[in-house]
Amino acid sequence: MADSDDIPESTVHNILEQDTLKWVFVGGKGGVGKTTCSSIISMLLARVRPSVLIISTDPAHNLSDAFQQRFTKTPTLVYGFKNLYAMEVDPSVDNDEFGTEGMDSLFSDLANAIPGIDEAMSFGEMLKPAQVVACANSLVSMAPHVQSLCGPARALGSVGREKLVQTMDYSCIVFDTAPTGHTLRLLQFPATLEKGLEKMMSLKSKFGGLLSQVTRIFGVEDEFGEDAIIGRLEGMKNVIEQVNKQFKDPDLTTFICVCIPEFLSLYETERLVQELTKFEIDTHNIIINQVLFDDEDVESKLLKARMRMQQKYLDQFFMLYDDFHITKLPLLPEEVTGVEALKRFSRHFITPYQPSLEKGTVEEVEQRLSRLKEQLAEAEAELEKL
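Everything in the sequence shown is counted per UniProt numbering, starting at 1 for the first residue and increasing by one.
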C-alpha cells in the first residue's frame, strides 16, 4: 500500500492538467455509466483546451441521450459550447454509398466483418500527420467510416468550424467506447492485422502466378490483381501501425476505466487493466460510479446492506490500485441527462464527494432527531385519519 502522502488525488485533475494528452478512451462494463462519465470529461476538457471532440463508438449510442441533442457521424457543436463537438460513429456500413461492384464492395464487406474496424479506422483518420490522412483517403472503399469523416462537413455557422470538422484538428478527442470485450478486440486489432498480412504475403508467393492468370482471363486484373489487393492491405497496415504507435504513447493516450462497486464490475475492471498493461496502453484513472455514501439520508436496511457490500469492494479497489487516481461518484435519485445536469454532476469529478454531515457530530445527531420528529408527526397524522 502507498503511504497516505503518496496516494494519488481522487479526481480527474491529472487528466485536465496533462497538456500533451490527445486521445482519451473511456471504457468498462456495460451499464456502469461510461457515456455520462465520458460526456462530463469532455466538458471539463473543453474548459482548458481550445477544441474538444467526443466520439461514441458504442453500437448502442447514448451520447445523444446524455446531451439531449441529436448527433450523427458528422461532428456537431454541442449546445451551450463554442469548442465542444460530438459525433456518433455508425457501426453499420451502407454499401450503396460506395458502390456495389468491384473492390469497393469487396473491401466494404471485409471492413464490416473485422471487429473494431470502426474505431480503428476512425482513429487512424484523425491522426494529424498529413501522410496518415492521405493514406486514410485511399482506404475509403475498405473503411467507409473514413470517408464519412473525410467528406465535406456540414455547415456549422463559420468557416473556422467547417475547417476544424474537415481536418479533425482537435486539441483533444474523447472516445466513449463499447463495452469491455469489444474494446479489447480493438486493442488486439493491429497485431491481428499484421499476422493476416503475413499470411497474405505467404499465399502470394505460393499462388501469386495462378491469381494473376485468373484475373487476367476475366479482365479484372486492375481491380483484383494481387498487387492491387496487397497494396490496399499494406496501406491499411500503415495506418494501423501509426494508430498502434499512438496507443502506446502515454503522453498522447490514456484509458479511463469506469466501474461500479460490485464483484462483476471489479473483476472486469481488473481484466481490462491487465489487458491494457499487456498492450502497453497507459491507464492510471478509475471512476467508481453509483456509490452509496454513509450519510444522513440512508435509513433503509436494504440500502445499509448495499453500502456494506459496496464498501467491501471499494476497499478491494483501493488495495489493488493504490497508485491510481480513483474517483468515487455518488448514486443519485435522478438521471443525469442534459447539459445542465451534466454540469452539476461534473463537480464530483474535480472535488471528492463528501456527505453533507459527518457521522457522530452534534449537527448530525440533531438532524437525525429532527427527522425522527417529522416522521413521528406524519405517523400521528396518519393515525388520526384512520
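We put the CB at the ideal spot given by N, CA and C, even for glycine.
Residue i and residue j: beta carbons closer than 7 angstroms?
i: residue 342; j: residue 39; result: yes
i: residue 171; j: residue 49; result: yes
i: residue 184; j: residue 275; result: yes
i: residue 281; j: residue 247; result: yes
i: residue 175; j: residue 287; result: no
i: residue 28; j: residue 259; result: yes
i: residue 310; j: residue 329; result: no
i: residue 12; j: residue 349; result: yes
i: residue 169; j: residue 20; result: no
i: residue 261; j: residue 302; result: no
i: residue 77; j: residue 173; result: no
i: residue 83; j: residue 51; result: yes
What are the boundary residues of the beta strand (DSSP E) that includes residue i?
i: residue 255; result: 253-259
i: residue 341; result: Segment 339-345 is the alpha helix (DSSP H) holding residue 341; no beta strand (DSSP E) there.
i: residue 322; result: First-last for residue 322: undefined, no H or E at that position.
i: residue 262; result: Unbroken run through residue 262: none, as it is neither H nor E.
i: residue 281; result: It is not in any beta strand (DSSP E) - residue 281 carries neither H nor E in the DSSP assignment.
i: residue 24; result: 23-28
i: residue 249; result: Note, residue 249: premise wrong, no beta strand (DSSP E); not H, not E.
i: residue 176; result: 172-176
Report buried or exposed for residue i, applying the criterion of at least 16 other Cβ atoms within 10 angstroms of its Cβ.
i: residue 32; result: buried
i: residue 333; result: exposed
i: residue 80; result: exposed
i: residue 154; result: Model confidence at residue 154 stands at a pLDDT of 35, short of 50, so the residue's coordinates are unreliable; what they give is reported in the following sentence. It counts as exposed.
i: residue 178; result: buried
i: residue 383; result: exposed
i: residue 9; result: exposed
i: residue 17; result: exposed
i: residue 34; result: buried
i: residue 366; result: exposed
i: residue 346; result: buried
i: residue 272; result: buried
i: residue 362; result: exposed
i: residue 380; result: exposed
i: residue 388; result: A query on residue 388 cannot be resolved here, the shown segment of the chain reaching from 1 to 386 and no further.
i: residue 253; result: buried
i: residue 268; result: buried
Can you tell which of the options has its C-alpha closest to the C-alpha of residue i?
i: residue 45; options: 202, 369, 85; result: 85
i: residue 36; options: 257, 314, 76, 47; result: 257
i: residue 63; options: 43, 87, 79; result: 87
i: residue 353; options: 327, 373, 337; result: 327
i: residue 336; options: 53, 57, 66, 17; result: 66
i: residue 318; options: 279, 349, 270, 346; result: 270
i: residue 340; options: 69, 52, 30; result: 69
i: residue 321; options: 308, 266, 338; result: 266
i: residue 58; options: 180, 250, 361, 362; result: 180
i: residue 24; options: 242, 78, 60, 283; result: 283
i: residue 89; options: 371, 60, 238, 202; result: 60
i: residue 15; options: 285, 374, 243; result: 285
Just to confirm, does residue i get its C-beta within under 6 angstroms of one of the non-hydrogen atoms of the ligand GDP?
i: residue 251; result: As for the ligand GDP, it is missing from this structure, which has no ligand bound.
Where does residue i sit, in a helix, a strand or coil, going by DSSP?
i: residue 377; result: helix
i: residue 42; result: helix
i: residue 66; result: helix
i: residue 60; result: coil
i: residue 291; result: strand
i: residue 82; result: coil
i: residue 72; result: coil
i: residue 327; result: strand
i: residue 53; result: strand
i: residue 386; result: coil
i: residue 303; result: helix
i: residue 162; result: Annotation note: pLDDT 42 at residue 162 (below 50); position unreliable, coordinate value reported separately. In this structure, residue 162 counts as helix in the three-state DSSP scheme.
i: residue 270; result: helix
i: residue 8; result: coil
i: residue 241; result: helix
i: residue 334; result: coil
How would you write the range of the alpha helix (DSSP H) that residue i sits in, first residue to last?
i: residue 14; result: 13-17
i: residue 354; result: Residue 354 -> no alpha helix (DSSP H), and no H or E assigned at all.
Could you tell me whether the Cβ of residue i comes closer than 7 angstroms to any Cβ of chain D?
i: residue 72; result: Of the protein chains in this structure there is only one, and it is not chain D.
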